[in-house]
Amino acid sequence: MGINERKMLGRKIREHREKRGFTQEDLASAIGNGSKQYISSIENGSKNVTIDVLCRIAEALDAKVRDFIAF
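Per the numbering used here, the very first residue in the sequence shown carries number 28; after that it's consecutive.
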């Protein structure tokens, strides 16, 4: 996944997170990773995300993985 795709993925995750009223800390806790910085790095596209983490994010945000990757 290139930087542009990671940034688009991160934007979609942020949109869903904000729509649900979650902070980055809330989402980190919900996926079992207590780091706000980890979520921030995913959202700004600087970190590759595994399919496992993407599935946990989707579940926490009551979304489908395809909602994040439909560019």
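Cβ coordinates follow ideal geometry from the N, Cα and C atoms, glycine included.
8 Å or more divides the Cβ of ARG47 from the Cβ of ASP94. The beta carbons of ILE66 and LEU81 sit no closer together than 8 Å. Distances from the CA of MET35 to each of GLU86, THR50, LYS63 and GLU70 were compared; the closest alpha carbon is that of GLU70. Distance from the Cα of ASP79 is smallest, within the candidate group ILE58, SER62 and GLY72, for ILE58.
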